[in-house]
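J.: Heads up: the sequence shown begins at 22 in the numbering used here, then just goes up one per residue.
The structure under discussion is supplied below as structure tokens; questions concerning it will follow.
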Amino acid sequence: MSVYESKSNKKSQFFQFVLSFIFILLTMISLIPILHIIAISFSSKRPILSGSVTVFPVGFNTEAYTKVLSNSNFIGSFLFTILLTAGFTALSMCLTILAAYPLSKKGLKGKGIIMTLFVITMYFDPGIIPKYLNIKSLGLIDTVWSLLLPGALSAYNLIILKSFFMGIDNSLYEAAYIDGCTEFKALFKIAIPLAIPAIATLSLFYAVSRWNGVSDVLYYISDSNLFTVQLKLKQMIDAIIISQKEGTSVVNLVAENIKSASIVFSMVPMLIAYPFIQKYFTKGIMLGSVKG
């Protein structure tokens, strides 16, 4: 091994060490707040009042989770949010696939104009008042459709899936067309099976955006039966902040473990779903960005 190669290897090892250190540090910074919330949710009232809870529970108990699970309003919102997220993800992926597939074809007339119209929506937002007036004029206020339709198609996700479809070898389509395959059959027999990594990744994007969404519920929904779990959490946090301002800090601190348990409970569905989709995540994004 030459002196140059030896120095190059040492530089590479040092660079890898620095990168590993930075990633470990960033991971710890990201995990500590989550671990702190989990620790509070499993801690008893006295350690919370004294501020002695860090990243490990003190006075371990599950009282907060018992109270959360016994709260029928919270559980109802939790189940509704799961169904809403599942429906939103399914609807969004159907629209994205049906838009991305034809736009990936070279022979589509007006493709440039259509793509421009989609891209414009990424950079220009009409604002909440025009959105609200539009939803109201359509009679969607206080309906589940106001939470499903407005954000059902993301131009960013459309571009990723379109690029993925464009990366599929055209000879596969040509062979299918020779055998008498229609465009719909080509979509379901060739395009979708080969695009599973991208579809799984974009499904996660849609699911997370809907699960974490709270602003549209605030604007369009007044029926408590349609409140999502994130809005319930916001109401709990707002109540605690109000109690702080009114000087009832003891009640606030005691309620902290219930708030933390609710937050942990609301994270569970995404934490369960992510490991099943993670193997597709990087592949779906990288392959979807090969062509534009």
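We put the beta carbon where it would ideally sit given N, CA and C, even for glycine.
Residues in the same chain with beta-carbon distance under 6 Å from Thr-106, minus the five sequence neighbours each way, listed in chain order, please.
T.: One-based indexing of the sequence shown puts residue 106 at position 85. Within the same chain, Thr-106 has close Cβ partners Ala-228, Arg-231 and Trp-232.
J.: Going by C-alpha to C-alpha distance, which of Ala-219, Ser-192 and Phe-286 sits closest to Gln-251?
T.: Here residue 251 refers to the residue found at position 230 of the sequence shown. Ranking the options by Cα distance to Gln-251, first place goes to Phe-286.
J.: Pull up the distance between the alpha-carbon of Leu-46 and that of Ile-149, whole angstroms please.
T.: The count along the sequence shown starts at 1 and reaches residue 46 at position 25. The count along the sequence shown starts at 1 and reaches residue 149 at position 128. Rounded to whole angstroms, Leu-46 to Ile-149 spans 39 Å at the Cα level.
J.: So what's Gly-234 in DSSP terms, helix, strand or just coil?
T.: Translated into positions along the sequence shown, residue 234 becomes position 213. In the three-state DSSP reduction, Gly-234 falls in the coil class, being neither helix nor strand.
J.: By the 10 Å Cβ neighbour count, where 16 or more other Cβ atoms means buried, how is Leu-225 classified, buried or exposed?
T.: For the purposes of this step, residue 225 is identified with residue 204 of the sequence shown, where counting begins at 1. Buried, since its Cβ has 16 or more Cβ neighbours within 10 Å.
J.: Taking DSSP as the reference, what is the three-state secondary structure of Ser-33?
T.: Looking up residue 33 in the sequence shown gives position 12. The answer is helix: DSSP assigns Ser-33 an H, G or I state.
J.: Does the count of Cβ pairs from the stretch 33-42 and the stretch 54-65 closer than 8 Å reach three?
T.: no
J.: Please report the residue range of the alpha helix (DSSP H) in which Cys-115 lies.
T.: Position 94 of the sequence shown, counted from the first residue, corresponds to residue 115. Per DSSP, Cys-115 belongs to the alpha helix (DSSP H) from 93-124.
J.: If you measure from the beta carbon of Leu-124 to each beta carbon in chain D, is any gap under 8 Å?
T.: Absence of chain D from the displayed structure is noted, only one protein chain being present.
J.: Take the Cβ of Ser-270 as the centre, count every other Cβ of all protein chains shown within 10 Å, and call the residue buried at 16 or more, exposed below.
T.: On the sequence shown, position 249 is the one that residue 270 refers to. For Ser-270, the predicted structure reports a pLDDT of 48, less than 50, and the residue's modelled location is therefore unreliable. A value from the coordinates is still provided. With fewer than 16 other Cβ atoms within 10 Å, it is exposed.
J.: Counting along the chain, where does the alpha helix (DSSP H) carrying Leu-70 start and finish?
T.: Within the sequence shown, residue 70 is the residue found at index 49, counting from 1. From DSSP, the alpha helix (DSSP H) with Leu-70 extends over 66-71.
J.: Would you check if there are 3 or more beta carbon pairs closer than 8 Å linking the stretch 207-224 to the stretch 169-186?
T.: yes
J.: Rounded to a whole number of angstroms, what is the C-alpha to C-alpha distance between Ile-180 and Ala-120?
T.: The residue given as residue 180 occupies position 159 in the sequence shown. The residue given as residue 120 occupies position 99 in the sequence shown. Approximately 10 Å between the Cα atoms of the pair.
J.: I need the DSSP call for Pro-296, collapsed to helix, strand or coil.
T.: Indexing the sequence shown from 1 puts residue 296 at position 275. DSSP places Pro-296 in helix when its eight states are reduced to three.
J.: Smallest Cα separation from Tyr-86: which of Ser-73, Phe-109, Ala-173 and Ile-59?
T.: Working through the sequence shown from its first residue, we reach residue 86 at position 65. Comparing Cα positions, the closest option is Ile-59.
J.: Given the structure, does Phe-109 come close to the ligand GDP, in the sense that its CB is under 7 Å from one of the ligand's heavy atoms?
T.: This structure simply doesn't include the ligand GDP, nor any ligand for that matter.
J.: For the alpha helix (DSSP H) containing Ala-85, list its first residue and its last residue.
T.: Locating residue 85 in the sequence shown gives position 64, where the first residue counts as 1. From DSSP, the alpha helix (DSSP H) with Ala-85 extends over 84-90.
J.: If you draw a straight line from the C-alpha of Ile-69 to the C-alpha of Asn-278, how long is it?
T.: Within the sequence shown, the letter at position 48 stands for residue 69. Within the sequence shown, the letter at position 257 stands for residue 278. Distance between the alpha carbons of Ile-69 and Asn-278 is about 8 Å.
J.: For the alpha helix (DSSP H) that contains Ser-192, what are its first and last residues?
T.: Taking the first residue of the sequence shown as position 1, residue 192 is located at position 171. Unbroken alpha helix (DSSP H) run through Ser-192: 191-199.
J.: Could you give the DSSP three-state label for Thr-137: helix, strand or coil?
T.: Within the sequence shown, residue 137 is the residue found at index 116, counting from 1. Helix at Thr-137.
J.: What did DSSP end up calling Leu-40 once you bin it into helix, strand or coil?
T.: Start at 1 with the first residue of the sequence shown, and residue 40 comes out as number 19. In the structure shown, Leu-40 sits in a helix (DSSP, three-state: H, G or I).
J.: Looking only at its own chain, which residues have a Cβ that is under 8 Å from the Cβ of Met-143, when we skip the five neighbours before and after it?
T.: Translated into the one-based positions of the sequence shown, residue 143 becomes position 122. Closer than 8 Å at Cβ, skipping near neighbours: Ala-176 and Tyr-177.
J.: Alpha carbon to alpha carbon, what distance is there between Thr-164 and Gln-299?
T.: Start at 1 with the first residue of the sequence shown, and residue 299 comes out as number 278. Start at 1 with the first residue of the sequence shown, and residue 164 comes out as number 143. The straight-line gap from Cα to Cα measures roughly 33 Å.
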